[in-house]
Every structure is written in C-alpha cells, then in structure tokens.
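Asks: Our numbering numbers the first residue of the sequence shown as 1 and each following residue consecutively.
Cβ coordinates follow ideal geometry from the N, Cα and C atoms, glycine included.
Being a predicted model, the structure only gives us computed values, none of them experimental.
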Amino acid sequence: MANAQKNVDHSRSDSDLDYDVIIVGAGIAGLYQLYQLRKIGLKIRVFESGTDVGGTWYWNRYPGARFDSESYSYGYSFSQELLDEWDWSEHFASQPEILRYLQHVAYKFDLVRDIQFSSDVQSAIYDDTTRSWKIQLQNSNTYTSRFLITGVGLLSEPTLPNIEGIGSFTGDSFHTSRWPHTPVNFSGKRVAVIGTGASGVQVIQEICKDVGRLTVFQRRPNWCAPLHNANIGQAEMKDIRSRYNEIFERCSQTQAGFLHTVDPRSTFEVSEEERYVFWEHLYASKGFGIWQGNFKDVLTNPEANKAMSDFIANKIKERVIDPITAEKLIPKDHGFGTRRVPLETKYYESYNQENVELIDISSTPIERITPTGIATTSKVFDVDLIIYATGFNAILGSYDRINIVGVNNQSLKEQWKNELSTFLGLQVNNFPNLFMIMGPHALLGNNPRSIEYNVEWITNLLNYMVNQKFTRAEATSEAVASWYSYVLAQGEGLLANQVDSWMTGINSNIEGRQKRIIARYSGSQYSYRKRCNEVAENNYRELRLT
Ligand SMILES: Cc1cc2nc3c(=O)[nH]c(=O)nc-3n(C[C@H](O)[C@H](O)[C@H](O)COP(=O)(O)OP(=O)(O)OC[C@H]3O[C@@H](n4cnc5c(N)ncnc54)[C@H](O)[C@@H]3O)c2cc1C
1 MANAQKNVDH SRSDSDLDYD VIIVGAGIAG LYQLYQLRKI GLKIRVFESG TDVGGTWYWN
61 RYPGARFDSE SYSYGYSFSQ ELLDEWDWSE HFASQPEILR YLQHVAYKFD LVRDIQFSSD
121 VQSAIYDDTT RSWKIQLQNS NTYTSRFLIT GVGLLSEPTL PNIEGIGSFT GDSFHTSRWP
181 HTPVNFSGKR VAVIGTGASG VQVIQEICKD VGRLTVFQRR PNWCAPLHNA NIGQAEMKDI
241 RSRYNEIFER CSQTQAGFLH TVDPRSTFEV SEEERYVFWE HLYASKGFGI WQGNFKDVLT
301 NPEANKAMSD FIANKIKERV IDPITAEKLI PKDHGFGTRR VPLETKYYES YNQENVELID
361 ISSTPIERIT PTGIATTSKV FDVDLIIYAT GFNAILGSYD RINIVGVNNQ SLKEQWKNEL
421 STFLGLQVNN FPNLFMIMGP HALLGNNPRS IEYNVEWITN LLNYMVNQKF TRAEATSEAV
481 ASWYSYVLAQ GEGLLANQVD SWMTGINSNI EGRQKRIIAR YSGSQYSYRK RCNEVAENNY
541 RELRLT
C-alpha cells in the first residue's frame, strides 16, 4: 500500500453535497480518475454496475479474450513503483491476467474503499440553482455532487441481434461481454457463434480446439491479421522494464498511441518488390503494425488500400484449404484497415477443421432462434450453446442508457440525436460540470494512453476551479461547434469514414443507428493534445467558468 492515501484532506469539499465528484465506472478510466482526484483533496465516490473493478476486462471473460495492444504499452504509466513490480507474462496478455493487473492497481492504491459496486447509474440530473448533479441508482438511492465524470467506456454496452425467438432457446447462450464467471464446458458440444468481429475471431479460434462441432454465422467478414503473441521471459521483461520511458514516449508520438509508427513512404513510391517485402515483414510482425505502421497512404488512397487488401486476401486463400470458405472470409464491402482489424492466431486455420463450418448469413439470413437451435433461410442448425459475439452499442450506448439531463431540461440523448458534438470529447454545452473520459470525438487508439491524458486534463481543470473558487464549468456552444468542425476536417479523406462500422456510428441491431456519423476524432494524438494543452494554457477560455 505504498501510495495509499488513508488520511485524505477533505477540507476543500463542499459540505452541502454528498460528494465533490461522482465518477461512473471503475474501468481503466474511473480508477485512474479516482486516484488523481484524491490527490487534490476532493471527496469522491465511484459507482460501478459490476461487482469488481476492471471494466472491459471484468466483463469480457470469454475464452480467448486478450489484448491487441502490447501489454507493456497498455498498462498505466503513472507509477514507477507499479511499472517496477508488475511482470507481464505475454506480449498480448489474456483477460484473466489483465483483470488481475487492474485488481492489483485498485488494491495497491487503496482505491476500492471509494468504489460502490453493483451500483448502476440510471439517471443524472443537473440542478443549476445548486450547481450540482443528482444521480440515481437502480435501487432508487440518490446522491449529489458538484461534478460528474463518466468513465463508462466506449465498448461497454453490449448489443444482441434483433432475431425472432432469441429468448426461446433452451440451451445456454451468452454474449461475449456478459460471460459467466464460472468456466463453460464446450467439450463434445455443438456450439454456434454469431458474429465475426474482434471478439468473435478471438473466441472462435480458441474454442475450436475444444468443441464437438462449431458453426460460425458470419454476416460480413473482417480483414484479420496475425497477432504473433509470445511469452515474455524474465530477461525480456527486465529489458522491457528498462525501456518503459522510451515505450511511453514512443506511444505519445504515434498517431493513435500505439507503439507502431506510420511508414513515411507511400505505397507506390517504392518498387513492387520492396512493397511486398515490407508487407511480408508486417504480416510476420507482432500486433497492430500492419494497420498502424503501414505505408502512409494505405488508409487514405483507394488504390493503395486495394493493393494491401489484395495482399491480405491472398494470405487468406493460402491459409484456408477450401476455396469457397476462403472466398467467404474475404471482405468485399470494405478495404483493409477501414474497420477495426481483428488480430488473430490461427483463426483462418480454424476453418480447416472438419468440425468447423462457416455459414454466410448475408446470403442465407438467420430467420429465427428456435428452442433447440438456429434456423436460417436454408437450414435448421441444432446446437447446445449459442455465443453472441455481436459487439456493442459503441461510443454512444453507455451514454444513451443513462438519462442525463442538463440545463433547461435538455436531455443529452436528444441533443446528440440532432448533432453529435462535444468539446474535445470532454464536455458538452448545456451540461455544466459534466466531464467525459473518452467521450465521442475524443482520441481513441491505444485507450489507456488517451485515458491517462484525459484524466490528467480533467484533474488539472478541477484543481484550477477549486483554487479559483469556480463552481460551474460549461463549454461554450462556439467551442463545441469549432471542435466539431475540426473533427470533421480531420476525418476528411479517411477511407474508414466511408464505410459502415461502429466507428461511423452504424449498428444494424439498434434503431436509429443506420445513418453514418462521425463518431470519433480521427486526427493525430499530437494535434489532439496540442489543442487540449492550448485550452488549459489559456485558462480554459473555451469553457464558461463561474
Ligand atoms: C474485448 C475487448 C478487447 C479490447 N482490447 C483493447 C486493446 O487491446 N487495446 C485498447 O486500447 N483497447 C481495447 N479495448 C477497448 C477497451 O474498452 C479500453 O481499452 C478500456 O478498457 C476502456 O476503459 P474505460 O475505463 O474507459 O471503459 P470500460 O473498461 O468499458 O469500463 C467502463 C465501466 O463503466 C461501467 N459503467 C458503464 N455504465 C455504467 C452505469 N450507468 N452505471 C455504473 N457503471 C457503469 C461498466 O460496468 C464498466 O465497468 C478492448 C475492448 C474490448 C471489449
């Protein structure tokens, strides 16, 4: 408990309110925000729906769940002591290890005493006369605070598909993100997986080792690339530890906070031979390099993107024995890297197993779930267990499900229905004293790198406000409009913004999510931080502080 702060000074607290700050969520974001705000002497409460810390890594317990970020680039960077004592066992750690890490952080820094678990925040109503938020939990208990900070996660609200009869299935069925805490036995079972996004890929390649029969229902394939995971031995961990400064410095210089740097060359500037040598090298390398460290125009120039997509398509054809299955696994509606790239380990080879079958539900859609299985337009599949790897109501879902009401009775959900806009992804006009960690239009990428930055920015602002005796902060509508224009400009020319994905706000299972929007900031980390730093350096003049 080296850094524990047992005797926190609450002398700067506002005694009329229950808390100075209520934080929603005890994932990477909520934990770090609690840690930082304690240092400035505020009275804080964290409300978390789950029964433990960890967020994503608490909920997503499906077999095969693991990092796509290098473990040592993902962990917190703020504590040298933590960096010194924590050993990662793999380059891309698995969910149980990541959860252990976050539990270790929570106990080491004595965070748990300010976290209330099994506490789902259902509404948050702002009162301008007291300049405070009143939040209500599922059990109807209410609490007031000056500030409300959401660390609710951008991939935390799961979606099930709209399929008739979904409740009628009599066997076990689980969404990947609501996985049971006790082991699931697959041995000898007939298992169905619906969905082939990042979670689907991870779960399929893992359980195919164990199942009796696996049927994968794929609506559309994604471009996957090899993860190349490996164990980290003691000597290697020692070396990584000695390079932590360099690792985090590098992450802070790259486009999206990963270790991988975009190659300054463009695709057709090099000879064909050189191009393929480079792509082979990327295909044989660990992690997101093939996505984040490719030629600089692969994600913007349609011809370059096509050449890269063809390269990956050939790899799929080489790895999948049955040419019809291989063809089904090759995306036709988007190019490589324009949607989130799932990283895989022998995923394509899974389909070479006799007991694994791929069903293309874009040509033979699922008609209904029956008590004993799944009926498509061409066949009925009897199964013992259904896994829904159908993803999330991304970015907006965890906000939409809380009734957040600001000044003039304005609901956040309604305001965002008209136009999804924020200031720096951190604040919204009409919602004073609400701060979002990684809200819409904030920097995404290697999430903890952005989270740490966002949390520190919010902490500095609250410290400034307390020192200046300000009790209300609201982004001006001009600041919001200007950030929105900037976000739109940054997204121009990016092929990813021209395809349907959770990053463009599309979710066919959710009403009203059929129209593309710009849901994320796609500029560089550097420009994001520069803009946020400028705001702070100019005493937050884009916020109305009173
Ligand atoms: C399977 C999977 C793999 C991923 N892999 C990577 C990766 O390799 N690299 C990477 O950078 N990112 C990855 N991500 C993204 C990941 O979500 C972030 O890295 C990170 O965990 C986000 O942390 P967070 O604290 O912002 O949100 P979360 O971890 O999502 O935590 C949010 C918490 O808020 C709680 N909450 C939400 N709403 C409420 C409410 N109304 N009341 C109370 N509590 C609430 C939730 O229960 C949850 O515990 C992955 C995501 C998934 C789903």
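From which residue to which residue does the beta strand (DSSP E) around Gly373 run?
Replies: Note, Gly373: beta strand (DSSP E), 373–376.
Asks: Which ranges would you report for the alpha helix (DSSP H) in the segment 30–63 if only whole runs of at least 4 residues count?
Replies: Counting whole runs of 4 or more residues, the segment 30–63 contains the alpha helix (DSSP H) stretches 56–59.
Asks: Could you check where the alpha helix (DSSP H) with Glu534 kicks off and where it finishes?
Replies: Taken as a continuous stretch (DSSP letters only), the alpha helix (DSSP H) holding Glu534 covers 525–537.
Asks: Evaluate Ile324 with the Cβ neighbour count: other Cβ atoms within 10 Å of its Cβ, from every protein chain shown; 16 or more gives buried, anything less gives exposed.
Replies: Burial call: exposed.
Asks: Using 10 angstroms around the beta-carbon of Lys417, count the other beta-carbons present and answer buried if the total reaches 16, otherwise exposed.
Replies: Exposed, by the Cβ-count rule.
Asks: Indicate the three-state DSSP secondary structure (helix, strand or coil) for Val8 in the structure shown.
Replies: Because Val8 carries a pLDDT of 45, less than 50, the predicted location of this residue cannot be relied on, and no value is offered for it.
Asks: Take Val46 as the anchor and find which of Gln138, Ile149, His91 has the nearest alpha-carbon.
Replies: The residue with the shortest Cα to Cα distance from Val46 is Ile149.
Asks: Measuring from the CB of Asp310, is there a heavy atom of ligand 1 at a distance below 7 Å?
Replies: False, no ligand heavy atom lies under 7 Å from that Cβ.
Asks: If we call anything under 8 Å between Cβ atoms a contact, is Val356 one with Cys224?
Replies: Cβ distance not < 8 Å, so Val356 and Cys224 don't count as in contact.
Asks: Roughly how many angstroms separate the alpha carbons of Asn141 and Tyr107, rounded to a whole number?
Replies: Those two C-alpha atoms are separated by around 26 Å.
Asks: Let's see if you can read the secondary structure: which residues bound the alpha helix (DSSP H) around Glu282?
Replies: It is worth fixing the name first, because residue 282 is Leu in this sequence and not Glu. 272–283 is the span of the alpha helix (DSSP H), which, as asked, contains Leu282.
Asks: How big is the Cα-Cα spacing for Lys296 and Asp16?
Replies: Cα-Cα distance, rounded: 55 Å.
Asks: Quick one: residues in its chain with C-beta nearer than 8 Å to the C-beta of Ser411, no 5 flanking neighbours on either side, listed in chain order?
Replies: Closer than 8 Å at Cβ, skipping near neighbours: Asn403, Ile404, Val405.
Asks: Would a C-beta distance cut-off of 8 Å place Gln255 and Ser524 closer than the cut-off?
Replies: Contact flag set, yes.
Asks: Provide the residue span of the beta strand (DSSP E) that contains Arg100, from first to last.
Replies: Counting along the chain, Arg100 falls outside any beta strand (DSSP E), though it belongs to the alpha helix (DSSP H) covering 95–108.
Asks: Is there at least one non-hydrogen atom of ligand 1 closer than 7 Å to the beta-carbon of Ile204?
Replies: Flag unset: Cβ of Ile204 not near ligand 1.
Asks: When you compare the CB positions of Ile22 and Tyr143, do they come within less than 8 Å of one another, or not?
Replies: Yes, Cβ-Cβ distance for Ile22 and Tyr143 is below 8 Å.
Asks: For Trp483, which three-state DSSP category applies?
Replies: The answer is helix: DSSP assigns Trp483 an H, G or I state.
Asks: Go through its chain and collect everything with a Cβ distance to Cys532's Cβ below 7 Å, but skip five positions before and after it.
Replies: Within the same chain, Cys532 has close Cβ partners Leu424, Trp457.
Asks: Can you list the alpha helix (DSSP H) stretches of 4 or more residues lying completely in the segment 200–255, in chain order?
Replies: Complete alpha helix (DSSP H) runs here, min 4: 234–242, 244–253.
Asks: Assess, as a yes-or-no matter, whether the segment 182–192 is touched by the segment 49–59 under the definition of 3 or more beta carbon pairs within less than 8 Å.
Replies: No: the two stretches stay apart, fewer than three of their Cβ pairs being nearer than 8 Å.
Asks: Ordered along the chain, which non-local residues of its own chain (more than five positions away) have a Cβ less than 6 Å from that of Tyr388?
Replies: Here the set comprises Leu160, His175, Ile194.
Asks: Grab me the residues of Ala284's own chain with a C-beta within less than 8 Å of its C-beta, minus the 5 sequence neighbours each way, in chain order.
Replies: Result list for Ala284: Pro226, His228, in chain order.
Asks: How close, in whole Å, do the beta carbons of Leu382 and Arg190 come, if the pair is a contact with beta carbons under 8 Å?
Replies: Reading the sequence as shown, one finds Asp at residue 382 and not Leu. Confirmed, Cβ separation roughly 7 Å.
Asks: At a threshold of 7 Å, does Ile451 count as lining ligand 3 (C-beta to nearest heavy atom)?
Replies: Ligands displayed in this structure: ligand 1; ligand 3 is not among them.
Asks: With H, G and I counted as helix, E and B as strand and the rest as coil, what does DSSP make of Thr459?
Replies: Of the three classes helix, strand and coil, the one that applies to Thr459 here is helix, per DSSP.
Asks: Rounded to the nearest angstrom, what separates Asn393 and Glu303 at their Cα positions?
Replies: One C-alpha to the other measures close to 32 Å.
Asks: Under three-state DSSP, which class holds Thr390?
Replies: The answer is coil: DSSP assigns Thr390 none of H, G, I, E or B.
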